[in-house]
Amino acid sequence: MLGIAGMAELLSEQDREFFRNCRYQQVVTLVIGTEHPVDGKCYGVSIPRVENFKAATISFLEYMDPARVPRGCGLLAITAGGQDVSAERLMEDLERLYRVEPRWTKIYEWRSGMPKFHEYAVRASSFAVIT
(Lines of atoms letter the chains of each structure in order from A and count residues from 1; the text may use other names and numbers.)
(Lines give C-alpha, C1' and ligand atoms only; values in the text may rest on other atoms or scores of the structure.)
Protein backbone atom coordinates (compact mmCIF):
# COMPACT_ATOMS: atom_id res chain seq x y z
CA MET A 1 0.00 0.00 0.00
CA LEU A 2 2.73 2.44 0.95
CA GLY A 3 4.53 1.64 -2.30
CA ILE A 4 1.78 3.39 -4.30
CA ALA A 5 3.01 6.85 -5.29
CA GLY A 6 1.41 9.55 -3.13
CA MET A 7 -0.46 7.13 -0.86
CA ALA A 8 1.65 7.72 2.27
CA GLU A 9 0.86 11.43 2.17
CA LEU A 10 -2.88 10.68 2.25
CA LEU A 11 -2.67 8.55 5.39
CA SER A 12 -2.28 9.46 9.04
CA GLU A 13 0.90 8.40 10.84
CA GLN A 14 -1.14 5.72 12.64
CA ASP A 15 -2.32 4.30 9.32
CA ARG A 16 1.18 4.42 7.80
CA GLU A 17 2.43 2.46 10.81
CA PHE A 18 -0.43 -0.02 10.33
CA PHE A 19 0.63 -0.70 6.72
CA ARG A 20 4.34 -0.82 7.59
CA ASN A 21 3.55 -3.62 10.05
CA CYS A 22 1.33 -5.64 7.69
CA ARG A 23 2.60 -9.04 6.64
CA TYR A 24 1.52 -10.69 3.44
CA GLN A 25 0.72 -14.26 2.57
CA GLN A 26 0.83 -16.31 -0.58
CA VAL A 27 -2.28 -16.45 -2.79
CA VAL A 28 -3.04 -19.17 -5.33
CA THR A 29 -5.78 -19.05 -7.96
CA LEU A 30 -6.62 -22.09 -10.04
CA VAL A 31 -8.50 -21.20 -13.24
CA ILE A 32 -10.42 -24.09 -14.78
CA GLY A 33 -12.05 -24.39 -18.18
CA THR A 34 -14.89 -26.90 -18.48
CA GLU A 35 -17.11 -28.23 -21.25
CA HIS A 36 -20.23 -26.91 -19.48
CA PRO A 37 -20.81 -24.32 -16.72
CA VAL A 38 -20.22 -25.92 -13.32
CA ASP A 39 -22.97 -23.98 -11.53
CA GLY A 40 -24.62 -21.63 -14.02
CA LYS A 41 -26.74 -19.79 -11.43
CA CYS A 42 -24.40 -17.37 -9.64
CA TYR A 43 -21.39 -15.09 -9.83
CA GLY A 44 -19.48 -16.91 -7.14
CA VAL A 45 -19.29 -18.64 -3.81
CA SER A 46 -17.65 -17.36 -0.63
CA ILE A 47 -16.59 -20.22 1.62
CA PRO A 48 -16.66 -19.48 5.37
CA ARG A 49 -13.68 -20.63 7.46
CA VAL A 50 -15.93 -22.82 9.62
CA GLU A 51 -16.33 -25.14 6.61
CA ASN A 52 -12.63 -26.12 6.93
CA PHE A 53 -11.82 -25.64 3.27
CA LYS A 54 -8.54 -24.13 2.14
CA ALA A 55 -10.41 -22.31 -0.66
CA ALA A 56 -11.93 -18.92 0.16
CA THR A 57 -13.82 -18.12 -3.05
CA ILE A 58 -15.02 -19.60 -6.31
CA SER A 59 -15.82 -17.19 -9.15
CA PHE A 60 -17.90 -18.37 -12.10
CA LEU A 61 -16.38 -16.29 -14.87
CA GLU A 62 -18.75 -17.48 -17.61
CA TYR A 63 -21.65 -16.08 -15.58
CA MET A 64 -19.92 -12.75 -14.94
CA ASP A 65 -18.77 -12.20 -18.51
CA PRO A 66 -20.22 -14.69 -21.02
CA ALA A 67 -18.28 -13.04 -23.87
CA ARG A 68 -15.02 -14.41 -22.40
CA VAL A 69 -16.06 -18.02 -22.84
CA PRO A 70 -17.24 -20.02 -25.87
CA ARG A 71 -21.02 -20.50 -25.76
CA GLY A 72 -22.01 -23.34 -23.45
CA CYS A 73 -18.57 -23.72 -21.85
CA GLY A 74 -17.59 -23.03 -18.26
CA LEU A 75 -14.77 -20.98 -16.77
CA LEU A 76 -14.17 -20.64 -13.05
CA ALA A 77 -11.47 -19.47 -10.67
CA ILE A 78 -10.96 -20.87 -7.19
CA THR A 79 -8.73 -18.88 -4.84
CA ALA A 80 -7.11 -19.26 -1.41
CA GLY A 81 -4.35 -17.69 0.62
CA GLY A 82 -1.86 -19.06 3.12
CA GLN A 83 1.46 -20.84 3.38
CA ASP A 84 0.18 -24.33 2.64
CA VAL A 85 -2.21 -23.57 -0.21
CA SER A 86 -1.69 -25.45 -3.48
CA ALA A 87 -3.49 -25.95 -6.77
CA GLU A 88 -4.03 -29.61 -5.84
CA ARG A 89 -5.74 -28.65 -2.59
CA LEU A 90 -7.92 -26.11 -4.40
CA MET A 91 -9.04 -28.79 -6.83
CA GLU A 92 -9.87 -31.12 -3.91
CA ASP A 93 -11.96 -28.38 -2.30
CA LEU A 94 -13.77 -27.67 -5.55
CA GLU A 95 -14.58 -31.36 -6.01
CA ARG A 96 -16.12 -31.45 -2.51
CA LEU A 97 -18.68 -28.90 -3.74
CA TYR A 98 -19.13 -29.58 -7.46
CA ARG A 99 -18.64 -32.36 -9.99
CA VAL A 100 -15.91 -30.97 -12.24
CA GLU A 101 -14.27 -32.36 -15.35
CA PRO A 102 -11.56 -29.86 -16.33
CA ARG A 103 -10.69 -29.44 -20.00
CA TRP A 104 -7.70 -27.32 -18.96
CA THR A 105 -6.29 -25.55 -15.91
CA LYS A 106 -3.96 -22.64 -15.28
CA ILE A 107 -2.31 -21.79 -11.96
CA TYR A 108 -1.56 -18.25 -10.78
CA GLU A 109 0.58 -17.72 -7.67
CA TRP A 110 1.47 -14.52 -5.83
CA ARG A 111 4.02 -14.70 -2.99
CA SER A 112 2.75 -11.51 -1.33
CA GLY A 113 -0.79 -11.45 -2.61
CA MET A 114 -2.96 -10.96 0.45
CA PRO A 115 -2.45 -8.79 3.52
CA LYS A 116 -2.66 -10.69 6.76
CA PHE A 117 -4.21 -8.19 9.15
CA HIS A 118 -4.06 -8.75 12.87
CA GLU A 119 -7.35 -7.98 14.64
CA TYR A 120 -5.77 -5.49 17.04
CA ALA A 121 -4.16 -3.64 14.15
CA VAL A 122 -7.44 -3.38 12.24
CA ARG A 123 -9.21 -1.93 15.27
CA ALA A 124 -6.36 0.56 15.82
CA SER A 125 -6.43 1.85 12.23
CA SER A 126 -8.81 4.52 11.01
CA PHE A 127 -8.31 3.26 7.45
CA ALA A 128 -11.30 1.32 6.08
CA VAL A 129 -10.11 -1.97 4.64
CA ILE A 130 -12.47 -3.46 2.07
CA THR A 131 -11.78 -6.98 0.85
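In the numbering used here, the protein residues as written are 1 to 131. Each residue gets a CB set at the ideal place from its N, CA and C atoms; glycine is no exception.
Below 7 Å, is the gap between the Cβ of G113 and the nearest heavy atom of the ligand FMN?
Although the ligand FMN was asked about, the structure shown includes no ligands whatsoever.
Which residue wins for smallest C-alpha separation from K116, given the options L10, N21, E51 and V28?
The residue with the shortest Cα to Cα distance from K116 is N21.
Touching by the beta-carbon criterion (3+ pairs, under 8 Å), the region 26-43 and the region 80-98
Contact between the region 26-43 and the region 80-98 is present: 3 or more CB-CB pairs across the two stretches fall below 8 Å.
Beta strand (DSSP E) containing Y24: first to last residue?
Run containing Y24: R23 to T34, per the beta strand (DSSP E) assignment.
Which same chain residues end up closer than 8 Å to R68 when comparing Cβ atoms and leaving out the 5 residues on each side of it in sequence?
Counting only Cβ-Cβ distances below 8 Å, and skipping sequence neighbours, we find L61, E62 and L75.
What three-state label does DSSP hand A67 in the structure shown?
Assignment of A67 by DSSP, reduced to helix, strand and coil, places it in the helix class.
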